[in-house]
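Before any comments, here is the structure.
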Amino acid sequence: YSTFPQSPRWWKDDVTYRILNYTPDMLQADVEEAIAKAFQLWSSVTPLRFTRLYSGQADIMISFASGFHGDFYPFDGPGGTLAHAYPPNTGIGGDAHFDEDENWTKFTTYSGYNLFLVAAHELGHSLGLGHSNVFGALMYPIYMARDTRDYRLPQDDIDGIQALYGPPRESLELPTKAFPPQEPTERTPAEAPTEMLPREEPTEVTPSKAPRRPDDCDPHLTFDAITTLRGETLFFKGSYVWRKSPYFSEIEHDTISSFWPSLAAGFDAAYEVDKKDRVLFFKDDQYWAVSGYSIEPGFPRPIRNLGFSTSVGKIDAAVHDQNTKKTYFFVGNKYWSFNENTQSMERGYPRKIATDFQGIGHKVDAAFQKNGLFYFFHGSNQYEIDIKNKKLIRIMKSNSWFNC
Amino acid sequence: FPVVPEEEKEDMQFAKKYLENFYGFKEEKNAFFKSKNLNHMSDKIREMQSFFGLEVTGKLNRKTLDMMKQPRCGIPDVRS
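Heads up: the sequence lines are chains A and B, in that order. First residue of the first sequence? That's 797 in my numbering, and the numbers climb one at a time after it. First residue of the second sequence? That's 229 in my numbering, and the numbers climb one at a time after it.
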């Protein structure tokens, strides 16, 4: 993410906005809803509250215009520049202008631009954010059509806006329950920020600081999920990804949203079926399938589709054996074997992990296969296993792959 | 000098405008600085290619032009 020079921001929590005019492309109510939803995105992860004014001067004045429209940055007709906005300040500061020569739409279609998405981006500028070079971030300069029905703010954008304003006040009191939904343009229910925050208590969070990625060589480093992907290995924790590639010696640091913008952070498990060029991600009782960057249509699906009983609410880890075409799912002290060819659970499962994997007498947090060997992760330890003989070969630190 | 085909000239104009808008490129109007302009523009193309994770060549290749033609926000990508 980036901010403007000197990082201008609003030095108050209550910011006002006013919609000066409307585009004829959409119903007025749809314009108002899109703008309100865009504000909610930002208020849900900061202490900011947005109030709509219907007359007079508001901090953020929103308008539609084409060509020359009273500032030094004329619009350019259909395509090209869609909109622009000014960083926090008096006068034109904070204002957002939308190019009326574009076709504005309520939904994501290929014949127009989704007003909610563009407004959410422009309001990021109105609050002080610059552009991000993280592909998939909301503040990425180029418009990317995407499903906005359950749109979640990518982690890079949360990091950026919280660097300016900090997290929502409630999250500092660590609420015991999500507060009730409120009127639009007020703070929205808290499900979004908890979804986006790493699953365990982030180790680094202090009231004024956003959670941050643990150090590669932190001896206590643990992982939520690990998978191979086209010869590389991806290690997941919260919204963070460590990417180990056989082609580069350095470990690359990414976020989930930079690869799959619409996936929420905090995977429980992940595994690759190399022959199908497919990786499956698991979170709670659902799973997604991706091929490279693209999420396969028809997902998420419930994990019971794989043959789990409804008593299994989520899985801890999963690993696919490329030799036998079987996938092992780990839940608590038990594990299942899934036949990828028949797409069904094998008979005689679940079995106790400790019975078949000597030395693994506890829950498995994450697992993957490399060069024929299995690697099971529990806490900050990693167990290298010869799967054929189900023999424990050695125990290492979880981050032994990071050249520590 | 090689004659620049019409389309390439248009692409060059488009790219110049793009780099002015989003990367703070400023062209020296004085004709004597032509080679300096080309170097400066090449630097700005590198800056844009690096921002978008393209191969950094400093040349106005097809991929770079395609990226420039994507619908986008009107705010510059770098401070200016």
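Glycine included, every Cβ here is placed at the ideal spot set by N, Cα and C.
Buried versus exposed, by CB contacts within 10 Å (16 or more), residue i
i                : result
T990 of chain A  : Low local confidence applies: a pLDDT of 31 at T990 of chain A is under 50, so the model's placement there is unreliable, with the coordinate-based value given in what follows. It counts as exposed.
P1099 of chain A : The sequence given here places Ile at residue 1099 of chain A; Pro does not occur at that position. Burial call: buried.
W1084 of chain A : buried
T292 of chain B  : buried
P820 of chain A  : exposed
R948 of chain A  : buried
S1140 of chain A : exposed
S278 of chain B  : exposed
R965 of chain A  : exposed
N249 of chain B  : buried
E918 of chain A  : buried
W807 of chain A  : exposed
S928 of chain A  : buried
G1144 of chain A : exposed
Q1178 of chain A : buried
M296 of chain B  : buried
F868 of chain A  : exposed
E256 of chain B  : exposed
S1054 of chain A : buried
P1057 of chain A : buried
H1049 of chain A : exposed
Q951 of chain A  : buried
Q824 of chain A  : exposed
R307 of chain B  : exposed
E997 of chain A  : Any reading at E997 of chain A needs caution, since the residue's pLDDT is 34, under 50, leaving its predicted position unreliable; the model's value is listed next. Label assigned to E997 of chain A: exposed.
Q1165 of chain A : buried
R300 of chain B  : buried
Y1124 of chain A : buried
A941 of chain A  : exposed
Range covered by the beta strand (DSSP E) that runs through residue i
i                : result
K928 of chain A  : Sequence inspection shows Ser at residue 928 of chain A; the Lys mentioned does not correspond to that position. Here S928 of chain A belongs to no beta strand (DSSP E), and DSSP marks it neither H nor E.
K1079 of chain A : 1074-1079
M1192 of chain A : 1187-1193
L878 of chain A  : 877-881
Q1178 of chain A : 1177-1182
E1028 of chain A : 1028-1033
K1038 of chain A : Reading the sequence as shown, one finds Trp at residue 1038 of chain A and not Lys. Looking at the DSSP string, the run of the beta strand (DSSP E) that includes W1038 of chain A is 1036-1040.
T1018 of chain A : That residue, T1018 of chain A, is in no beta strand (DSSP E); it is neither H nor E in DSSP.
F253 of chain B  : That residue, F253 of chain B, is in no beta strand (DSSP E); it is neither H nor E in DSSP.
E1068 of chain A : 1065-1069
A1163 of chain A : 1162-1166
Under 9 Å by beta carbon: chain C residues contacting residue i
i               : result
N929 of chain A : Protein chains in the displayed structure are A and B, and chain C is not among them.
Continuous alpha helix (DSSP H) stretch holding residue i: start and end
i                : result
M296 of chain B  : 290-296
A833 of chain A  : In the sequence under discussion, the amino acid at residue 833 of chain A is Lys, which differs from the Ala named in the question. Counting along the chain, the alpha helix (DSSP H) containing K833 of chain A begins and ends at 824-839.
L960 of chain A  : 951-961
S1054 of chain A : 1052-1055
Contacts around residue i, its chain only, beta-carbon distance under 8 Å, and the 5 residues preceding and following it disregarded
i                : result
C1200 of chain A : D1012, C1013, K1193
L878 of chain A  : F894, D895, E898, Y909, V914, Y939
E979 of chain A  : No answer about E979 of chain A holds up, because its pLDDT of 33 lies below 50 and its placement is not dependable.
P1146 of chain A : V1127, K1130, Y1131, W1132
S907 of chain A  : N899, T901
Residues near residue i by beta carbon distance below 6 Å, same chain, minus five either side
i                : result
T1029 of chain A : K1040
G956 of chain A  : Y797, L925
T981 of chain A  : Per-residue confidence for T981 of chain A stands at a pLDDT of 32, beneath the threshold of 50, marking its modelled position as unreliable; the derived number appears in the next sentence. Correct list, in chain order: A832, F835, F846, R848.
R805 of chain A  : P884, G924, L960
F1032 of chain A : D1020, A1021, F1063
T285 of chain B  : none
G1157 of chain A : A1150
M276 of chain B  : Y251
G889 of chain A  : Y882
H921 of chain A  : A881
F864 of chain A  : P870
V827 of chain A  : Y818
D855 of chain A  : V811, T812, G890
F1104 of chain A : none
F796 of chain A  : Within the shown structure, residues of chain A are numbered from 797 to 1200, placing residue 796 of chain A beyond reach of any answer.
A1162 of chain A : F1019, A1021, I1022, A1113, F1173
Expected contact under 8 Å - CB spacing of residue i and residue j to nearest Å
i                : j               : result
Y936 of chain A  : V930 of chain A : 7 Å
P1201 of chain A : G962 of chain A : Residue 1201 of chain A is absent from the structure shown; chain A starts at 797 and stops at 1200.
Chain-order list of residues whose beta-carbon lies under 7 Å from that of residue i (same chain, five-residue window excluded)
i                : result
T1002 of chain A : For T1002 of chain A, the predicted structure reports a pLDDT of 32, less than 50, and the residue's modelled location is therefore unreliable. A value from the coordinates is still provided. Nothing meets the Cβ criterion.
G1027 of chain A : P1042
T944 of chain A  : T904, N910, F912, L913
L837 of chain A  : A916, L949
L1017 of chain A : P1010, S1176, S1194, N1195
P1096 of chain A : Q1082, Y1083, W1084
Beta strand (DSSP E) runs contained entirely in the stretch 1099-1156 of chain A, provided each spans 3 or more residues:
1113-1117, 1122-1127, 1130-1135
Along the chain, which unbroken stretches of the beta strand (DSSP E) at least 3 residues long are found entirely within the stretch 887-927 of chain A?
892-895
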